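Worksheet: the structure to be examined is printed underneath.
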Ligand SMILES: NC(=O)c1ccc[n+]([C@@H]2O[C@H](COP(=O)([O-])OP(=O)(O)OC[C@H]3O[C@@H](n4cnc5c(N)ncnc54)[C@H](O)[C@@H]3O)[C@@H](O)[C@H]2O)c1
Ligand SMILES: [Zn+2]
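In my numbering, the protein residues as written are -16 to 325.
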């Protein structure tokens, strides 16, 4: 079992990583009313087990699976569910699922009654290593992804690596992209281990290492004004690729994989990233069934990046690798982006 403490100025919480914890979550959850939000896939595998292990008045809302669920429509359903359950500020919301459910349930918990406690039980690899830690919660708007959101930390994160046995292969690879990202930006040993070894029996330890890396970054920069930007390694290109294909061709992790390889090539051209780094990243992505080749014209890519609604002005913060295991942030005028070609 691994336990991490996330220490923030206003609030601290634990991340507990343990095989089989999904059937014992009731030991960690205590409130008069507990509202579980989940999706239909996760519910099929774990819904009853989680609900029956929690004491008290427990109600469950099961939503359709998929990114479309992170919408204002579904948020409204969640509000209706919580308010008709007459939930109070001393009760709890439990997010049981992948990043979609975590982000949606977390945003609902942050806003209903001006904030009630919530617990994350992430079940996808991406949610276990990334989205459940750090307190970013959001829904999508017709204007773009994650544009309506908040910083709202959970009370507790409970991670069961055994849940990954029921996850589709493609979603497992998706999470692997974020794990490779942590290796690239903070941990060369993790990167080398992913290259050399068979990770099947080490996934619990790997999840713990990734949560610990994210914990440290979030502790230093809870509100994403500096160091946390390193977590966006591969994401500038990745978001543009997702956007270009209207979120249909590639999953988030696949798009980030393409972004990581291509930003390493760019870093090599700028003589910031050591030669050969992109090749190592490419080989590791291939090992975990992830794509790497950019199949969009560079000018179109530049246009999408320049129009990004979250970017502030004419500059862009590119996250590059100084070397494997170390990221730097390079501010660059958008016009100079990829002038050497990707
Ligand atoms: N808040 C953050 O910091 C942050 C960080 C990264 C990503 N995200 C968000 O996370 C979302 C993506 O998360 P995701 O990839 O987990 O997607 P997801 O929640 O859609 O889960 C992927 C699929 O796997 C299924 N699933 C999940 N766990 C399962 C299990 N144990 N067994 C069987 N099926 C299972 C789900 O039903 C779904 O079909 C995006 O909306 C993204 O914006 C948020
Ligand atoms: Zn990501």
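The beta carbon of each residue, even a glycine, is placed where N, CA and C say it ideally should be.
Note that the coordinates shown come from a computational prediction; the quantities given were computed from them, not determined experimentally.
Per DSSP, the bridge partner or partners of residue i
i	result
residue 141	-1
residue 315	299
residue 76	18 and 101
residue 7	DSSP lists no partner for residue 7.
residue 309	306
residue 40	16
Neighbour-count burial assignment, residue i, 16 or more Cβ in a 10 Å radius
i	result
residue 219	buried
residue -14	exposed
residue 297	exposed
residue 265	buried
residue 125	exposed
residue 206	exposed
residue 225	buried
residue 228	exposed
residue 115	buried
residue 138	buried
residue 238	buried
residue 236	buried
residue 286	exposed
residue 62	exposed
residue 10	exposed
residue 119	buried
residue -16	exposed
residue 127	exposed
residue 71	exposed
residue 151	exposed
residue 81	buried
residue 181	exposed
residue 282	exposed
residue 98	exposed
residue 318	exposed
residue 130	exposed
residue 209	exposed
Beta-carbon spacing of residue i, residue j below 8 Å
i	j	result
residue 104	residue 79	yes
residue 192	residue 177	no
residue 288	residue 299	yes
residue 250	residue 320	no
residue 113	residue 161	yes
residue 102	residue 141	yes
residue 157	residue 3	no
residue 108	residue 55	no
residue 273	residue 159	yes
residue 76	residue 34	no
residue 330	residue 277	In the structure displayed, the chain extends from -16 to 325; residue 330 sits before or after that span and is not available.
residue 117	residue 83	no
residue 201	residue 45	no
residue 244	residue 261	yes
residue 90	residue 121	yes
residue 190	residue 111	yes
residue 74	residue 36	no
residue 16	residue 39	yes
residue 352	residue 308	Outside the modelled stretch of the chain, which goes from -16 to 325, sits residue 352, for which no answer is possible.
residue 187	residue 0	yes
residue 255	residue 314	no
residue 216	residue 164	yes
residue 257	residue 179	no
residue 41	residue 106	no
residue 22	residue 47	yes
Residue interval of the alpha helix (DSSP H) (run including residue i)
i	result
residue 155	152 to 169
residue 243	235 to 252
residue 58	55 to 67
residue 225	218 to 227
residue 199	186 to 203
residue 36	31 to 36
residue 287	281 to 290
residue 265	260 to 270
Endpoints, beta strand (DSSP E) assigned at residue i
i	result
residue 48	Looking at the DSSP string, residue 48 is not in any beta strand (DSSP E), and its letter there is neither H nor E.
residue 22	16 to 22
residue 92	Per DSSP, residue 92 belongs to no beta strand (DSSP E); it is in the alpha helix (DSSP H), 82 to 94.
residue 128	127 to 134
residue -10	-15 to -10
residue 124	119 to 124
Distance cut-off 7 Å: residue i Cβ against heavy atoms of ligand 4
i	result
residue 50	The ligand content of the structure shown is limited to ligand 1 and ligand 2, which means ligand 4 is not among them.
Contact with chain B by residue i, beta-carbon distance below 8 Å
i	result
residue 38	Absent here is chain B; the protein component of the structure consists of one chain.
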